[in-house]
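Asks:
In my numbering, the protein residues as written are 3 to 921.
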């Protein structure tokens, strides 16, 4: 039966009147009400599972199955049932430490026109719970056991009735049925492991920061249950993202990392290859393993490395999972399960959680659903939850994508396991997100050296006296279980103490065997970069036949496809440019780079807010039929058995999308992954990803990544938010060959830079400050020969200069500034001024610049930039380029990136150009 919410929101007298109308003539009643009344009559006639006498046909004027008074009461009970399903989570006993706040659930019987006098009355509405005709007492007992016990569920906002009814049926069944002895044994085994780990740490490493799981140990049987069930439903790999709380415990008892491996990290003795890296604290490191589930299914587990910046790992996990699904599982998302483990303060407070939720159903970012598990210890460092959120729950974000939420008491290990199993099944059944909010507590302070009673004295007075979840569950089985359960509890208690002693005695554990997946083999075939790798770029040219094949392929479309006339003309102009002048423009050079990789069998993925067309209407990688709006991808039909271009216009997000693309590139070194900002100025919305992953991950975790970031940059009068992608911020973070920073001026050089990303025997993030207006500048055009010869040029000498001995001044610059300077040079025929382009800013091509200095020996050098002096590359070069004496010409230092006045902009720009030539 449908969830007839309109019934629960209507006045009983109105419903009675409608029911009488329905009995007389069903056609006089709205079809939705007809469905409800028919269902109700059916329930009455089938009460107690036995078909009673057929109800008289409504139009035949026969007597109604129930009287008006009965109907009013029956509807009251039905409304009560539906209200419990919708709102009983507000009164569920989910808090193991203290009474819950009154959330005004309004579930008192009087709100449904029911009284104590009705408790022993039998109602047909019990049929809707599978109880048949039964007393109100029995109905309430069922509702309180299922919906107001240790689990509160939110699911009634799900519009898809199939999903809602599945959840209703499966949840009521799960909460009403006991677990088997074997399942209980598994729960105790995992609780034992979780508690043993924390006791071991507290004994061996007392006072050390470890961000323990004490109070939330039910996390271990929860993760174990969801992975076991997911494996039974086809999952072969799970990618896990979590912060520091409980991370070491999860590593030991879910991923199977041995105590020796973990505590080598405590002692600083870790082998980097075992952990994805060694340059970070122990509770940030990643790990991977191959485990066998309780059902004997092998599952690959990946725990992503993460920084202390809470929730930044979320989009990394989702992107990594999508990449793995694409490269290993043929985009079958049933085979890979992302699990995100949150803290309650972070899941409520960090906006990236919202971004990731919005990504969950989008074509470009879909992973078949994520299980979100919240370790809700009711506190954020020292902040009470009342000060940490406005919503009732930390998981309220789930409702924006209609994801069900289980709120569960962390002390009730069986309830935790039941909802974990249900969550895994729901995800596999419907491939959508699901949330578990496990309400527990934090035994110690934020870390083990912190004193929580400074700020929560009364709460921690309760926690001090509280048994841990293992003790609670053992006592429950001893006091409430049958003889078998009691025997199990006693046996497992002995096992607990034996295992704890074995760990304290440092009995040897054997690491789990691991077989590398194909992408991991690709990563292992690469090496770490050296400074010598950046003296000169490798050859990245393609042959002439491939160039022509690709160019022709990019300029065609299916016979029955009608592109927009403006786009058709644009492509015809590109063909004309090549045929008449032998040149290609920036956009074509870019697409040639991608397509050349595709025909080599590599994949390319690109996303950003307008990337299919391009912010500046230059790319047109995907064409739209002007009659049908059908799409045609220009790069996916070039050759048989080629790679695939996956290109997606993104949601309006920098943080989430850049994180996703970083994660995607992290999983596969043989895929070129590109993120383009709408304007480079907006990249600072993703600063956390840049600081914590892109610039530093290789040093912290030995995690290489070849992600490309395209940041439109240049002063064109666009004002302070459309001029400057802040190159100084990236350059300030450059060290130890950690990334590549470019500001490229020609189509061919951009082509070579992109191909170089996959040609190198290592991977580095590439940040390119890309053109805007100069996308169409004739000076950016390149000839076919520039694509079929050589490689990327870090420094480009001045083609205007024929005789170096005449040069009195050398203007060093990068990007758009070159075109502004060269225009004046050409107009005034200044053979005494050479303009040298620094196409790559980091790693700084010092040897090539020294050659330039030697060539123009005796000339005066200046660095010319259009950014203010405190921005751009000026400070970076003054610190790093000591081999050449040079002055700096720029805008004056400024707090804002650019003026908002067009005339002021033009005057400032002209002043830079004039100064460069006249000084």
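Even glycine gets a Cβ: it sits at the ideal position worked out from N, Cα and C.
Predicted, not measured: the structure shown is a model, and the values here were computed from it.
What number of angstroms, rounded off, separates the C-alpha of residue 923 from the C-alpha of residue 126?
Replies: Here the chain comprises residues numbered 3 to 921, so residue 923 is not present and cannot be evaluated.
Asks: At what residues does the alpha helix (DSSP H) containing residue 633 begin and finish?
Replies: First-last for residue 633: 633-635, but that is the beta strand (DSSP E), not the alpha helix (DSSP H).
Asks: Could you give the distance in angstroms between the alpha-carbon of residue 739 and the alpha-carbon of residue 840?
Replies: 17 Å
Asks: Just to confirm the assignment, what range does the beta strand (DSSP E) spanning residue 489 have?
Replies: Careful: residue 489 lies outside any beta strand (DSSP E), inside the alpha helix (DSSP H) at 485-506.
Asks: Taking the runs of the alpha helix (DSSP H) that are 4 residues or longer, which of them lie wholly in the region 312-369?
Replies: 315-329, 346-351, 353-361
Asks: Check whether the region 892-900 touches the region 714-725, taking contact to mean three or more Cβ pairs, one atom from each stretch, closer than 8 Å.
Replies: yes
Asks: Using C-beta distances below 7 Å, list every residue in its chain close to residue 301, excluding the 5 sequence neighbours before and after it, in chain order.
Replies: 229, 233, 237, 238, 239, 240, 293, 295
Asks: For residue 33, count the other beta carbons within 10 Å of its own beta carbon; 16 or more makes it buried, fewer makes it exposed. Which is it?
Replies: exposed
Asks: Can you grab the Cα-Cα spacing for the pair residue 620 / residue 258, in whole Å?
Replies: If I take the Cα positions, the gap works out to 51 Å.
Asks: Measuring only the C-alpha atoms, how far is residue 443 from residue 220?
Replies: 11 Å
Asks: Using a Cβ distance threshold of 8 Å, determine whether the region 779-786 contacts the region 805-814, with at least three qualifying pairs required.
Replies: no
Asks: Count the CB pairs spanning the region 470-481 and the region 107-122 that are closer than 8 Å, and state whether there are at least three.
Replies: Fewer than three pairs of CB atoms, one per stretch, sit closer than 8 Å, so the region 470-481 makes no contact with the region 107-122.
Asks: Could you check if residue 375 is buried or exposed, using at least 16 other CB atoms within 10 Å of its CB as the buried criterion?
Replies: Here residue 375 is buried. Its C-beta has 16 or more other C-beta atoms within 10 Å.
Asks: How is residue 835 classed by DSSP in three states: helix, strand or coil?
Replies: strand
Asks: Among 496, 497, 217, whose alpha-carbon lies nearest the alpha-carbon of residue 377?
Replies: For the residues 496, 497, 217, the minimum Cα distance to residue 377 belongs to 217.
Asks: Compute the distance between the beta-carbons of residue 235 and residue 426, then report whether it is under 8 Å.
Replies: yes
Asks: Count Cβ pairs between the region 699-711 and the region 666-686 that sit closer than 8 Å; are there 3 or more?
Replies: yes
Asks: Report yes if the C-beta distance between residue 490 and residue 247 is below 8 Å; otherwise report no.
Replies: no
Asks: Where does residue 482 fall in DSSP's three states?
Replies: Helix, per DSSP.
Asks: Using a Cβ distance threshold of 8 Å, determine whether the region 148-155 contacts the region 86-105, with at least three qualifying pairs required.
Replies: yes
Asks: According to DSSP, is residue 882 part of a helix, a strand, or is it coil?
Replies: helix
Asks: Taking the alpha carbon of residue 148 as the reference point, which residue from 227, 311, 408 has its own alpha carbon closest?
Replies: 408
Asks: Under 8 Å: do the region 509-526 and the region 593-606 share three or more Cβ pairs, one atom per stretch?
Replies: no
Asks: For the structure I just gave you, are there three or more beta carbon pairs, one from the region 823-838 and one from the region 790-805, closer than 8 Å?
Replies: yes
Asks: List in chain order: all unbroken beta strand (DSSP E) runs of 3+ residues lying wholly within the region 656-730.
Replies: 673-678, 710-714
Asks: Starting from the Cα of residue 321, find the closest Cα among 608, 468, 504, 482 and give me that residue.
Replies: 608
Asks: What runs of the alpha helix (DSSP H), each 4 residues or longer, lie entirely inside the region 442-475?
Replies: 459-466
Asks: What does the Cβ neighbour count give for residue 53, buried or exposed, with the cut at 16 atoms within 10 Å?
Replies: Below a pLDDT of 50, predicted positions are generally treated as unreliable, and residue 53, at 38, falls in that range; the measurement from the model is reported next regardless. Answer is exposed; the Cβ neighbour count stays below 16.
Asks: Could you pull the start and end residues of the beta strand (DSSP E) that residue 605 belongs to?
Replies: 605-610
Asks: Would you say residue 80 touches the ligand COA, meaning its beta carbon is less than 7 Å from a heavy atom?
Replies: The ligand COA is not part of this structure, which contains no ligands at all.
Asks: Check whether the region 743-758 and the region 694-702 touch, using three or more Cβ-Cβ pairs below 8 Å as the test.
Replies: Short answer: they don't touch.
Asks: Rounded C-beta distance between residue 877 and residue 730? I'm assuming under 8 Å.
Replies: The pair is a contact, with the Cβ atoms about 6 Å apart (cut-off 8 Å).
Asks: Along the chain, where does the alpha helix (DSSP H) that runs through residue 392 open and close?
Replies: It is not in any alpha helix (DSSP H) - residue 392 carries neither H nor E in the DSSP assignment.
Asks: What does DSSP give as the partner residue(s) for residue 375 in the beta ladder?
Replies: Paired residues: 343, 438.
Asks: Taking only three categories from DSSP, how would you classify residue 647?
Replies: strand
Asks: Below 8 Å CB to CB, which residues in the same chain sit around residue 336 once its five sequence neighbours on both sides are set aside?
Replies: 235, 236, 237, 370, 430, 433
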